[in-house]
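S.K.:
Protein chains: 2
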Amino acid sequence: MCSLPVPREPLCRVAVTGGTHGNEMSGIYLARHWLQAPEDLQRPSFSATPVLANPAAAAACRRYVDRDLNRTFTSAFLTARASPDDPYEVTRAQELNQLLGPKASGQAFDFILDLHNTTANMGTCLIVDNAHNVFAMHLCHHLQLQHPELSCRVFLYQQQGEESYAVHSVAKNGIGLELGPQPQGVLRADLFSQMRALVAAALDFIELFNQGTDFPAFEAEAYRIAGTVDFPRAKDGDLAGTVHPQLQDRDFEPLQPGAPVFQMFSGEDVLYEGESTVSPVFINEAAYYEKGIAFIQTEKLTFSVPALPSLTPAPTPLP
Amino acid sequence: MCSLPVPREPLCRVAVTGGTHGNEMSGIYLARHWLQAPEDLQRPSFSATPVLANPAAAAACRRYVDRDLNRTFTSAFLTARASPDDPYEVTRAQELNQLLGPKASGQAFDFILDLHNTTANMGTCLIVDNAHNVFAMHLCHHLQLQHPELSCRVFLYQQQGEESYAVHSVAKNGIGLELGPQPQGVLRADLFSQMRALVAAALDFIELFNQGTDFPAFEAEAYRIAGTVDFPRAKDGDLAGTVHPQLQDRDFEPLQPGAPVFQMFSGEDVLYEGESTVSPVFINEAAYYEKGIAFIQTEKLTFSVPALPSLTPAPTPLP
Numbered sequence: 000m001c002s003l004p005v006p007r008e009p010l011c012r013v014a015v016t017g018g019t020h021g022n023e024m025s026g027i028y029l030a031r032h033w034l035q036a037p038e039d040l041q042r043p044s045f046s047a048t049p050v051l052a053n054p055a056a057a058a059a060c061r062r063y064v065d066r067d068l069n070r071t072f073t074s075a076f077l078t079a080r081a082s083p084d085d086p087y088e089v090t091r092a093q094e095l096n097q098l099l100g101p102k103a104s105g106q107a108f109d110f111i112l113d114l115h116n117t118t119a120n121m122g123t124c125l126i127v128d129n130a131h132n133v134f135a136m137h138l139c140h141h142l143q144l145q146h147p148e149l150s151c152r153v154f155l156y157q158q159q160g161e162e163s164y165a166v167h168s169v170a171k172n173g174i175g176l177e178l179g180p181q182p183q184g185v186l187r188a189d190l191f192s193q194m195r196a197l198v199a200a201a202l203d204f205i206e207l208f209n210q211g212t213d214f215p216a217f218e219a220e221a222y223r224i225a226g227t228v229d230f231p232r233a234k235d236g237d238l239a240g241t242v243h244p245q246l247q248d249r250d251f252e253p254l255q256p257g258a259p260v261f262q263m264f265s266g267e268d269v270l271y272e273g274e275s276t277v278s279p280v281f282i283n284e285a286a287y288y289e290k291g292i293a294f295i296q297t298e299k300l301t302f303s304v305p306a307l308p309s310l311t312p313a314p315t316p317l318p
Numbered sequence: 000m001c002s003l004p005v006p007r008e009p010l011c012r013v014a015v016t017g018g019t020h021g022n023e024m025s026g027i028y029l030a031r032h033w034l035q036a037p038e039d040l041q042r043p044s045f046s047a048t049p050v051l052a053n054p055a056a057a058a059a060c061r062r063y064v065d066r067d068l069n070r071t072f073t074s075a076f077l078t079a080r081a082s083p084d085d086p087y088e089v090t091r092a093q094e095l096n097q098l099l100g101p102k103a104s105g106q107a108f109d110f111i112l113d114l115h116n117t118t119a120n121m122g123t124c125l126i127v128d129n130a131h132n133v134f135a136m137h138l139c140h141h142l143q144l145q146h147p148e149l150s151c152r153v154f155l156y157q158q159q160g161e162e163s164y165a166v167h168s169v170a171k172n173g174i175g176l177e178l179g180p181q182p183q184g185v186l187r188a189d190l191f192s193q194m195r196a197l198v199a200a201a202l203d204f205i206e207l208f209n210q211g212t213d214f215p216a217f218e219a220e221a222y223r224i225a226g227t228v229d230f231p232r233a234k235d236g237d238l239a240g241t242v243h244p245q246l247q248d249r250d251f252e253p254l255q256p257g258a259p260v261f262q263m264f265s266g267e268d269v270l271y272e273g274e275s276t277v278s279p280v281f282i283n284e285a286a287y288y289e290k291g292i293a294f295i296q297t298e299k300l301t302f303s304v305p306a307l308p309s310l311t312p313a314p315t316p317l318p
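Quick note, the sequences are listed as chains Y and L, same order. With numbering that gives the first Met the number 0, you'll find the first sequence wraps up at 318, consecutive numbering, no jumps. With numbering that gives the first Met the number 0, you'll find the second sequence wraps up at 318, consecutive numbering, no jumps.
#1: Quick check: the Cα distance between Cys60(L) and Val5(Y), rounded to an integer number of angstroms?
#2: Starting from the beta carbon of Ala285(L), find every residue of chain Y whose beta carbon is closer than 7 Å, and list them in chain order.
#3: Could you tell me which residues DSSP puts in a beta bridge with Ala14(L)?
#4: With DSSP collapsed to three states, give me the class of Ala219(L).
#5: Please look up how many angstroms separate the CB atoms of Val277(Y) and Thr301(Y), rounded, as I've assumed it's under 8 Å.
#6: Between which two residues does the alpha helix (DSSP H) containing Arg91(Y) stretch?
#7: Nearest-angstrom Cα distance between Gln193(Y) and Leu99(L)?
#8: Determine which residues of the segment 241-252 of chain Y have a Cβ less than 8 Å from any Cβ of chain L, and write them out in chain order.
#9: Under 7 Å, CB to CB, which of the residues in the segment 253-266 of chain L have a partner in chain Y?
#10: Determine the burial state of Ala293(Y): buried for a count of at least 16 other Cβ atoms within 10 Å of its Cβ, exposed for fewer.
#11: Taking beta-carbon pairs under 7 Å, can you tell me which members of the segment 109-138 of chain L lie near chain Y?
#12: With DSSP run on the structure shown, which of helix, strand or coil describes Ile205(L)?
#13: With Phe294(Y) as the anchor, note down where its beta strand (DSSP E) starts and where it stops.
#14: Please return the same chain residues whose Cβ sits closer than 8 Å to the Cβ of Leu307(Y), not counting the five positions on each side in sequence.
#15: Per DSSP, which one or two residues make a beta bridge with Glu161(L)?
#16: Among the residues of its own chain, which have a CB less than 6 Å from the CB of Pro259(Y), if the five just before and after it don't count?
#17: Return helix, strand or coil for Ala121(L), following the three-state DSSP convention.
#18: Given a limit of 9 Å on CB to CB distance, which residues of the segment 46-64 of chain Y reach chain L?
#19: At the level of alpha carbons, what is the spacing between Gly184(L) and Ala285(Y)?
#20: Just list the residues that DSSP pairs Met263(Y) with in beta bridges.
#21: Do the segment 23-38 of chain L and the segment 67-83 of chain L touch if we need at least three Cβ pairs shorter than 8 Å?
#22: Just grab the DSSP bridge partners of Gly226(Y) for me.
#23: Assuming the contact rule is C-beta atoms closer than 8 Å, Thr117(Y) and Phe281(Y) should be a hit. Round their C-beta distance to whole Å, please.
#24: Quick one: does Arg321(L) have its CB under 8 Å from some CB of chain Y?
#25: Give the C-beta separation of Val166(L) and Thr19(L) to the nearest angstrom, bearing in mind that I take them to be a contact with Cβ-Cβ under 8 Å.
#26: Mapping the DSSP letters down to three states, classify Gly26(Y) as helix, strand or coil.
#27: When you compare only the Cα positions, how much space is there between Leu238(Y) and Phe191(L)?
#28: Below 6 Å CB to CB, which residues in the same chain sit around Glu88(Y) once its five sequence neighbours on both sides are set aside?
#29: What's the call for Pro182(L), buried or exposed, on a 16-neighbour Cβ count within 10 Å?
#30: DSSP on Met0(Y), reduced to helix/strand/coil?
#31: Quick one: is Lys234(Y) buried, meaning 16 or more other Cβ sit within 10 Å of its Cβ, or exposed?
#32: So is Ala75(L) buried or exposed if we call it buried at 16+ other beta carbons inside 10 Å?
#33: Report yes if the C-beta distance between Ile111(Y) and Ala14(Y) is below 8 Å; otherwise report no.
#34: Could you check how far apart the C-beta atoms of Gly17(L) and Leu114(L) are, in whole angstroms? I think they sit under 8 Å.
#35: Rounded to whole angstroms, what is the Cα-Cα separation between Met0(Y) and Ala188(Y)?
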């Protein structure tokens, strides 16, 4: 993985996308609210653009209509010739790529904040592609400092050699905010307020950067994806058990070899057979049943993030 | 409302229906498990029949395909002439009426236990049509005594003059089990085990009754439906706010006049303007957004339930 170069210009084209998944309600209602009342997204040096990313899925209160939009921003989908038979989300990904990209081009937006909810007990999770993304890691650090009460954790999701596929990959940079637990189709006031406050703090960070603030190096802690674990399944592929009560709701806590991970319908426990302690996340997330994921294994890391140098101030205009 | 006569014969035809709503996972996986392994449902005097009530919705992990099955057991739907254009759930209600009814006939099943989950913080809720259903009230009392750790509450849902519409209304009698909170599409091991234990205790009660046990009168507490309250909405009908953090998760707790019930996206609080204290239930249930229900108001009542007389023992067969 290469280190993403830190920006050398102010970030003026910023988008906040909600409803990338149509049943994750915090982002849907924030995006709808900001489309009516955009003042919250205005800062002296820029105004962020609110986007309801998957309006058809949001109208149906489903994750997606034809396929997961947030897995559709790969080059193959974005460059395919359009056809009337295209899945809805392929068409929509191409539209968003026109609006916010094109991906990997100089015209792309500078930054996307993409808003999500999970049914898992993830608290406040900040989703970054990898730890070499110095600007994103500083943004996360700022959110942690501004909102210590939320215990924001950083999840590094990109696997070695994997093409980026998420909506924020059409911009030059971006992160996801993942707040839970919240059932699909439910709008909790507490998570709505938290997400609103986090977006405000993220825009404040971009404003500080744009104004020429420099941010010193720091020691970071993050959880890097190490693999996925499926539910126990019967011969027909259906569930034969579910997440063990001793693992349920324990996202980010250490899981040690020999600890129970599943409870079978027949009554037995299934134990974790890995050789090292991991930190499971997205435990029993509703949307991942169809993906064959009962939880995602991560390894907890600490590392040094270098300073984020301040922008060279633009020449002061003559009076 | 008339008092339902107490049974004078053993209850031998008993069904347990799961997946009446296709994204309420405890009942779906219990029904699927029992269809493979029916021993749990066997008692000396009867064997309960497991039924996956809405298989198409369960396969799609949605509440329903075309319309809410659990509002489709009215005379108008059950007696309508079948047509190929019928909504799936109308066809399925007619099938279930053939299998478990016909409704209001002598051939109908004696009892249906219908299994549900809610996203609301309802704990263990036992759903009975009305307090004059002496047999059902005794069954609920038995569950309360057998499982004091679950704080089982009784919700009386039938409103004056309303035709019965739920799946258990096709049998001569029945109740619903409503366990929460559980997100749609998620199977929590704790609620799965609780529901399994409650079904076992309910079948044990029917067995005791069938064996000639008499059950003394008792004082009951229950929550009777008194109305519904919608979310605050904008002119276009979309939400303008959501359930207030001070009301969220407080199902069955007293709500006093003047207490906050909603938090608007604009920031203000909406206060409860009723004249008397009520007990809200199904607070912020995902499935009720489309029904225009943010919560259901109930009044908490106590009343006397008369003894349930024992069955006259059948004449002992001659050797």
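We put the CB at the ideal spot given by N, CA and C, even for glycine.
M.R.: So, to answer that:
#1: 43 Å
#2: Pro182, Gln183, Gly184, Val185
#3: Thr48(L), Ile111(L)
#4: strand
#5: So it is not a contact: roughly 16 Å between Cβ atoms.
#6: 87-99
#7: 48 Å
#8: Thr241, Val242, His243, Pro244, Gln247
#9: Residues passing the 7 Å Cβ filter: Gln262, Phe264.
#10: The residue in question, Ala293(Y), is buried, as its Cβ has 16 or more Cβ neighbours within 10 Å.
#11: If the cut-off is 7 Å between Cβ atoms, the segment 109-138 of chain L has Thr118 near chain Y.
#12: helix
#13: 294-304
#14: Val5, Val133, Phe134, His137, Phe208, Asp213, Phe214
#15: Answer is none; Glu161(L) lacks a bridge partner.
#16: His243, Gln245, Asp268, Leu270
#17: A small correction: the amino acid at residue 121(L) is Met; Ala does not occupy that position in the sequence shown. Three-state DSSP puts Met121(L) in coil, outside helix and strand.
#18: Flagged, chain order: Cys60, Arg61.
#19: 5 Å
#20: Met263(Y) is bridged to Gly240(Y).
#21: no
#22: Paired residues: Gln296(Y).
#23: 6 Å
#24: No information on residue 321(L) is available, as it lies outside the stretch 0 to 318 that chain L covers here.
#25: 5 Å
#26: helix
#27: 13 Å
#28: Tyr63, Asp65, Arg66, Leu68, Thr71
#29: buried
#30: Low confidence applies to Met0(Y): its pLDDT is 45, below 50, so where it sits in the model is not reliable, and the reading given next is rough at best. In this structure, Met0(Y) counts as coil in the three-state DSSP scheme.
#31: exposed
#32: exposed
#33: yes
#34: Right, their Cβ atoms sit about 5 Å apart.
#35: Only weak support is given to the placement of Met0(Y): the predicted model assigns it a pLDDT of 45, under 50, and the value that follows is read from those uncertain coordinates. Rounded to whole angstroms, the separation of the alpha carbons of Ala188(Y) and Met0(Y) is 38 Å.
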